[in-house]
Structure formats: C-alpha cells, structure tokens
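One structure below.
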Amino acid sequence: MSAYRSPDRKRVVIAGGGFAGLWAARALSRSAAVDVLVLDRNNYHTFLPLLYQVAAAELEPEQISYPLRGVFRSLDNVDFRLCCVTGADFHARIVHTDGGDVPYDYLLLAMGSNTEFFGVPGADEHAFRLKSLEQAIGLRNHILTRFEMAAHEPDPDIQRRMLTFTVVGGGPTGVEYAGALAELIRNPIAKDFPDFNTGQARVVLLEAGSGLLAGYPEKLRQYTFRRLSRMGVDVRLESTVASVEPYQVLLKGASPVATETVVWSAGIRGNRTADAMKLPLGRGRRVTVLPSLQIAEHPHVFAAGDLALPSSGESPMIAPNATQQGALAAENILRHIRGEEVRPFKYRDKGAMATIGRSSAVVRIGTHTATGFVAWGLWLFVHLAYLIGFRNRLFVMVNWAWDYLFFERSVRLILPRIPWIERQRHSPASCVGDDENRSQGSGK
Numbered sequence: 001m002s003a004y005r006s007p008d009r010k011r012v013v014i015a016g017g018g019f020a021g022l023w024a025a026r027a028l029s030r031s032a033a034v035d036v037l038v039l040d041r042n043n044y045h046t047f048l049p050l051l052y053q054v055a056a057a058e059l060e061p062e063q064i065s066y067p068l069r070g071v072f073r074s075l076d077n078v079d080f081r082l083c084c085v086t087g088a089d090f091h092a093r094i095v096h097t098d099g100g101d102v103p104y105d106y107l108l109l110a111m112g113s114n115t116e117f118f119g120v121p122g123a124d125e126h127a128f129r130l131k132s133l134e135q136a137i138g139l140r141n142h143i144l145t146r147f148e149m150a151a152h153e154p155d156p157d158i159q160r161r162m163l164t165f166t167v168v169g170g171g172p173t174g175v176e177y178a179g180a181l182a183e184l185i186r187n188p189i190a191k192d193f194p195d196f197n198t199g200q201a202r203v204v205l206l207e208a209g210s211g212l213l214a215g216y217p218e219k220l221r222q223y224t225f226r227r228l229s230r231m232g233v234d235v236r237l238e239s240t241v242a243s244v245e246p247y248q249v250l251l252k253g254a255s256p257v258a259t260e261t262v263v264w265s266a267g268i269r270g271n272r273t274a275d276a277m278k279l280p281l282g283r284g285r286r287v288t289v290l291p292s293l294q295i296a297e298h299p300h301v302f303a304a305g306d307l308a309l310p311s312s313g314e315s316p317m318i319a320p321n322a323t324q325q326g327a328l329a330a331e332n333i334l335r336h337i338r339g340e341e342v343r344p345f346k347y348r349d350k351g352a353m354a355t356i357g358r359s360s361a362v363v364r365i366g367t368h369t370a371t372g373f374v375a376w377g378l379w380l381f382v383h384l385a386y387l388i389g390f391r392n393r394l395f396v397m398v399n400w401a402w403d404y405l406f407f408e409r410s411v412r413l414i415l416p417r418i419p420w421i422e423r424q425r426h427s428p429a430s431c432v433g434d435d436e437n438r439s440q441g442s443g444k
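Note that full-length UniProt numbering has the sequence shown beginning at 1, numbered continuously upward.
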C-alpha cells in the first residue's frame, strides 16, 4: 500500500469500507491502470453478519473486525484515509470530507445503510440499533446492567420491566438475536445470579407480518417459529408497533409491552449521506443506478451494496449482493477506462441461512433446504470462511466451541462508556453512516 499517486493512472475513490467497498478495492488492486483510495469513518472492516453475537456477549468486537490498512498492506495501488464523507461535487469530481476535499476520476459510493424506523414515533429516540460495533457494545452493556439492577430492585413491576427484552422485526437479524439472547439468559446469566430468579426474564419478538423470515421457504419459517418458542421466546406475529416510549412499546390493536429494552431490526434504508448528495433515490431511499451500477447523469460515479438500487433485476440488502456488486463495479470502472462496453449486474442467489440459537439453524441453497444441527454446521462453515483474518477465524471458532461444550459466554463485561461515542450519539448525521454511532436515544 502506498499513498503515492501516479499521474499516468486514474484515481478511483471508494466511499465506504464495507463489503462492497472492500471487494471493489481488492478487484481494482489487480489493475495497473488505477490508484485506489478508500474513505471510511472507521479504520476497520466489520463483519456485520456476526454483529449480533457481540451484543449477545458471545464474541469480542475485535473478533469480527479487521484493520483496513492490514487488508490493503500488500496492495501497492490501494490507500486508505480515515475521514467522514459529507458530500460530493460530481461536476468537479470532488468528494467532500471533514478532512478536506478529495479529487477523483471515478467514484464508487459504497456507504451501506442506516436503520429505517418507518416513521414510528419514539423508535429513533428509544430503540437500540444493531449496525455498528459501538451499538453492539452499548446494547451488551445495557442488557447486563439490567440484570445487575433488577437483582436489587424491590418493586416487582419495575423488575419485570427491566427483564423484558423486546426485539422488533422477525427477519434474520431479529431471529438470530432473539435466539442468542434467550440462550444468554437461560445459561450463563442464570449461573451468574444463583440467588436471583432470572427465570422471570423474557425475550419478546414482534413481527408485523404473518410469519418469521419473510422470503424463506414456508417449511423453514415454521421450523424457526417452533424452535424459538421452545427456547422460551415470546413470538408475536401480526404485531405492529405503534410507538416506542422509554418504558413501553405500544402496539396496534394489542396490549402494550412494558420494557426498558427495544432492539430495532425491522428494516434498513440507504445511507443518509446520499440524501445530502442530491442523488436520485428509489425504494428504501437507495440510490437508483443503471444496470451497470452507474448513476445515469454521472457515468464516472458508481454505487454498490445496500446503497444501490439497480433499475432492473433483484438487489437484496445482504452481504452476498454487496460483494457481487462491488466486484462488478470494479470491473465496469476498468471497462469504462478502456472504452469497452460495461456489463449489467445480475444477482446470483447463493441461498439464505439463519441460526436459531445453539446447534440449530435453517438453510436454503437453491431448491434444497436443511434445518437443525446439519444446517447449523453449514452456517458455521460459511461464516468462518467469509470472516477476514486467520486470527479472527481461530478465535471465533474457539469461542463457539467453548459456548457449545460448556454453555458459557466469555464476554460478559460491562465496559465503561467512552465520552466521544456519547458525543457522537447527538451529532448530525454528516458522516458515512454517522448516525449509526448512536447506541440508543433515551439514555436509559
């Protein structure tokens, strides 16, 4: 990796070091025609599919993250800059950041997504997000603190409220976190509090639709519901959230849920930084792009990952789609430089999977499905394979083995709050994914 820029090569600036940005940078590193600069507010890549396990005290934050400079160390034409992207001048070909303007010949917008609250009153202020390491650590702190406080709370109503953990959204993230949280409570926390009745703690999973894991085969959806119910999760289907308050969740047509913990996994939208760039936005506030992933009015600007919405074809907001789009965006940038015809994006569906607690999962690969222990083994293998860094793979595998053999979670630490993270919670969303620094808004 070198900060040197050759005047004979085109400069490609990538805004965002997530899956799309990382895969694009790797693909571009194989070309002598470009110099690549990756911009991100963090100096690390986060493996978001395992973020919920940090919040469930199963993995350490550093086990699912990897320094971007470490990734680019052996790539001579790729450099990294720590900064916040605040906007862009597409006509002058300049990216605005909090550290100054960055010129480009080609720009790839890969800033990812933000949590979408669909206008539900109080959700933005009082619900936890799960989109960053800061949020996962904050949620873990909050949950462990609830048990410490409840153990000495004389009022039984307040105690029950403290120990009610509500997850909104029955997609893969909501299902996986509800299962992981139920197991955390049932095993390690129960052993940590031998003189306190942790059995009164409950996990409530609210889903507005008629079933969990929308888009999965019906067989897998029913299995997931039964499995979570056996684990003690209170699964409530067709339960629409009307508003979120500091100490309760109000539902449409049903009794409120008294709770001090609301985890929002009901939806995501394109990164808000794109709003400031005045780009054309489509469904889910995502940037509308041509099938080639180019922005129609600006052929030197591409978008990929959760942020991009191609004008045709399927484009789910998941990691496999982001990696495929990142790789194609890199290829099309090189094709455009050479004056060749760019290729349209076509999503290759490799399947879907979700884990449901210890030793159980659901998997779809093509038309084939699997459940239970076999599916869980496939889930473990795939996630370890895509995790960056041998050390991370090793330590994650050790943690999973420890949890499986001894029903333990090794990361039950309530860490001190970091002042600058607290300040960031209340700052404007002026950075790539900046509002995702906020753990939750109520300060409970």
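Beta carbons are placed, not taken as given, at the ideal position from N, Cα and C, and that holds for glycine.
These figures come from a predicted structure and were not determined experimentally.
At a cut-off of 3 residues, the continuous stretches assigned as beta strand (DSSP E) that sit fully inside the segment 122 to 206 are 164 to 168, 202 to 206. Here residue 293 has 302, 303, 304, 308, 310, 325, 328, 329, 332, 345 as same chain residues with Cβ atoms under 8 angstroms from its own Cβ, once five neighbours each way along the sequence are excluded. Contact annotation: residue 92 and residue 107 have beta-carbon atoms that are not nearer than 9 angstroms. Residue 353 carries a strand assignment under DSSP once its states are collapsed to helix, strand and coil. Per DSSP, the beta bridge partners of residue 79 are 37.
The C-beta distance from residue 184 to residue 370 rounds to 25 angstroms, too long to meet the 8 angstroms contact threshold. With a beta-carbon spacing of about 6 angstroms, residue 241 and residue 251 fall inside the 8 angstroms limit used to define contacts. DSSP places residue 245 in the uninterrupted beta strand (DSSP E) bounded by 241 to 245. Annotation for residue 65: 44, 46 place their beta carbon closer than 6 angstroms to its own, counting only its chain and skipping 5 residues before and after. CA-CA distance, residue 150 to residue 116, rounds to 31 angstroms.
If only complete runs of 3 or more residues are kept, the segment 241 to 308 shows the beta strand (DSSP E) at 241 to 245, 248 to 251, 254 to 258, 261 to 264, 268 to 270, 287 to 289, 298 to 303, in order along the chain. Rounded to whole angstroms, residue 113 and residue 48 show a C-alpha spacing of 12 angstroms. For residue 320, there is no enclosing beta strand (DSSP E); the residue is found in the alpha helix (DSSP H) stretching over 319 to 338. Straight across, the Cα-Cα distance linking residue 141 with residue 22 is about 30 angstroms. Inter-residue distance for residue 245 and residue 276 is about 30 angstroms (C-alpha atoms, whole angstroms). CA-CA distance, residue 394 to residue 412, rounds to 20 angstroms.
A Cβ-Cβ separation of about 4 angstroms places residue 172 in contact with residue 354 under the 8 angstroms criterion. Nearest to residue 179 by alpha-carbon distance, out of 35, 212, 60, 73, is 212.
For residue 105, the closest C-alpha among the options 247, 337, 383, 358 is that of 337.
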